[in-house]
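Q: Got a structure for you, questions after.
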Amino acid sequence: MPSSKNSLKHLFWIIPLLLLLSAAAFVYYKYKTFQKPVILNVQTDAIAPGKSKIVQLNSTTFIFNPNNMEIHADSLRFVIYIDGKKYSDGIQKKGFTIKGNDTSKIQIPFTFDIGKFAKEFEKTQKDSGLHRIEGEMYVDVWKFNSVRIPFSFEKNMPVFKAPKPEILKVHLVKFGLKESIIETTVKLHNPNDMAIATENIYYNFKIGDEKIAEGSIPKDKFLPKEGSTTLTIPITFSLKEAVDEIGIFRKKYEGKNYSMRMYTEIKTESKDVPNIDFNIYKTGTMDELMAQIKEMKAQKKEEKKAMTPEERKEKRKEKRKKLKGILK
Numbered sequence: 325m326p327s328s329k330n331s332l333k334h335l336f337w338i339i340p341l342l343l344l345l346s347a348a349a350f351v352y353y354k355y356k357t358f359q360k361p362v363i364l365n366v367q368t369d370a371i372a373p374g375k376s377k378i379v380q381l382n383s384t385t386f387i388f389n390p391n392n393m394e395i396h397a398d399s400l401r402f403v404i405y406i407d408g409k410k411y412s413d414g415i416q417k418k419g420f421t422i423k424g425n426d427t428s429k430i431q432i433p434f435t436f437d438i439g440k441f442a443k444e445f446e447k448t449q450k451d452s453g454l455h456r457i458e459g460e461m462y463v464d465v466w467k468f469n470s471v472r473i474p475f476s477f478e479k480n481m482p483v484f485k486a487p488k489p490e491i492l493k494v495h496l497v498k499f500g501l502k503e504s505i506i507e508t509t510v511k512l513h514n515p516n517d518m519a520i521a522t523e524n525i526y527y528n529f530k531i532g533d534e535k536i537a538e539g540s541i542p543k544d545k546f547l548p549k550e551g552s553t554t555l556t557i558p559i560t561f562s563l564k565e566a567v568d569e570i571g572i573f574r575k576k577y578e579g580k581n582y583s584m585r586m587y588t589e590i591k592t593e594s595k596d597v598p599n600i601d602f603n604i605y606k607t608g609t610m611d612e613l614m615a616q617i618k619e620m621k622a623q624k625k626e627e628k629k630a631m632t633p634e635e636r637k638e639k640r641k642e643k644r645k646k647l648k649g650i651l652k
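Numbering (the working numbering), first residue to last: 325 to 652.
In structure tokens:
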């Protein structure tokens, strides 16, 4: 009959072995019942042809974990194809965790060859492209197992085409030391197969390298798909800081060039295209604006000549009232 001492000795080895087998069975069960994460959606920054250079974009991948436990991914690699041609690849080196039965949003920066894409786009003039993302990630299954998970995702995504601006008119509406107003009339054509809208318009106005004015105008405009709209953008500025007298204005700026930059943010009706910055540039010579000043002066003289004595008297009264209001 075995002694109680030998029984305890056998028990000492059996218990750890049972624990080890239980742990192994648990890991095996977890491994066998493990379900691969699912790519639900991929959102990529808008690709706008026309810039012949490499740009930095972002891709946001939505990954669903169908397991009852959280999983940790060490890295994620991917390759981007559009209409079957490779354009970029990227890697997310920073590890991330996805909770059980939950979705995580992973943002991955990547470089994109806009020039190469623009050449292909010009051939086809397509409004969309089939984005295919292929990749792999390594996830830890209950700490002991690292599993390679290949994935792919396809989605037809719109190709955004920048609106085409046409400067119709640059008109000097008012000219004076205290306040001058230049109105720029712009026709915008939307070449996209989706509606777009502009938000507030910001502007700056320079003569040579000297900034004369900057500001913003609440100018929301809706452009239907493949439609057009006309914007009139008033640029208001004061010359008091630049010159003391109107006569000096001509001497200081004669022969120089002016430049206007008007910029806004464009929204689209597509969730796959984020808001896009849009710029309109206009340059010209100050001689063109000064010719308009001459016309305005000549017109005022003609109006003054045509006035009756009573009208002139009334005009002088109005001027005196304005002057009193300023002096008060």
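A virtual CB, placed ideally from N, CA and C, is assigned to each residue, including glycine. Predicted, not measured: the structure shown is a model, and the values here were computed from it.
1. In chain order, what residues of the same chain have a beta carbon less than 7 angstroms from the beta carbon of Asp601, not counting five sequence neighbours either side?
2. Exposed or buried, Ala397, counting other C-beta atoms within 10 Å across all chains shown (16 or more means buried)?
3. Tell me, to the nearest whole angstrom, how far the beta carbon of Glu458 is from that of Phe386; I am working on the premise that it is less than 8 angstroms.
4. Would Asn391 be called buried (16 or more neighbouring beta carbons within 10 Å of its own) or exposed?
5. Rank Tyr582, Leu400, Met614 by C-alpha distance to the C-alpha of Asn528 and give the top, closest one.
6. Between the C-alpha atoms of Lys591 and Ser428, what's the straight-line distance to the nearest angstrom?
7. Which class does Asp451 belong to by DSSP, given the choice of helix, strand or coil?
8. By the DSSP assignment, the beta strand (DSSP E) with Leu613 in it spans what residues?
9. Determine, using beta carbons only, whether Phe420 and Ile432 come nearer to each other than 8 angstroms.
10. Let's test the definition: count the other Cβ atoms within 10 Å of the Cβ of Val510 and tell me whether it reaches 16, buried, or not, exposed.
11. What residues in its chain sit with their C-beta under 7 angstroms from that of Gln359, if we drop five residues either side in the sequence?
12. For a minimum of 3 consecutive residues, which ranges assigned as the beta strand (DSSP E) are wholly contained in the region 448 to 534?
13. Within 10 angstroms of its Cβ, does Val497 collect 16 or more other Cβ (buried), or is it exposed?
14. Shortest alpha-carbon distance to Tyr462 belongs to which of Val471, Leu501, Gly439?
15. Confirm the yes/no value for this check: CB of Phe573, any heavy atom of the ligand ZN, distance under 7 angstroms.
16. Expressed to the nearest angstrom, what Euclidean distance is found between the alpha-carbon atoms of Pro474 and Asn603?
17. Output the boundary residues of the beta strand (DSSP E) element that contains Asn425.
18. Taking the alpha carbon of Asp437 as the point to measure from, which residue in Lys410, Ile415, Asp451 has its own alpha carbon closest?
19. Between the C-alpha atoms of Asp517 and Glu550, what's the straight-line distance to the nearest angstrom?
20. Hey, quick one: how far does the beta strand (DSSP E) through Met393 stretch, first residue to last?
21. Mind checking which residues open and close the beta strand (DSSP E) that includes Val362?
22. On the CB-based measure, 16 or more other CB atoms within 10 Å of its CB, does Phe546 come out buried or exposed?
23. Among Gly539, Ile531, Asn599, which one has its Cα closest to the Cα of Thr368?
24. Starting from Pro546, follow the beta strand (DSSP E) in both directions and report where the run begins and ends.
25. Is Pro433 helix, strand or coil when you go by DSSP?
26. If you drop the 5 nearest sequence neighbours on each side, which residues of the same chain put their C-beta closer than 6 angstroms to that of Asn514?
27. Pull up the distance between the alpha-carbon of Phe445 and that of Glu523, whole angstroms please.
28. To the nearest angstrom, how far is the alpha carbon of Leu265 from that of Gly414?
29. State the DSSP-derived secondary structure class of Pro633, mapped to helix, strand or coil.
A: According to the data block:
1. Tyr587, Glu589
2. buried
3. So it is not a contact: roughly 17 angstroms between Cβ atoms.
4. buried
5. Tyr582
6. 26 angstroms
7. coil
8. Here Leu613 belongs to no beta strand (DSSP E); instead the alpha helix (DSSP H) covers 610 to 630.
9. no
10. buried
11. Pro390, Asn391
12. 452 to 465, 469 to 482, 488 to 498, 504 to 513, 520 to 522, 525 to 531
13. exposed
14. Val471
15. This structure simply doesn't include the ligand ZN, nor any ligand for that matter.
16. 41 angstroms
17. Neither: Asn425 is in no beta strand (DSSP E) and is coded neither H nor E.
18. Lys410
19. 6 angstroms
20. From DSSP, Met393 is part of no beta strand (DSSP E); its letter is neither H nor E.
21. 362 to 368
22. exposed
23. Asn599
24. Inspection of the sequence shows that residue 546 is occupied by Phe rather than by Pro. Note, Phe546: beta strand (DSSP E), 545 to 547.
25. strand
26. Pro487, Ile520, Leu547, Gly551
27. 28 angstroms
28. Any answer about residue 265 is impossible in this case: the structure gives the chain only from 325 up to 652.
29. helix
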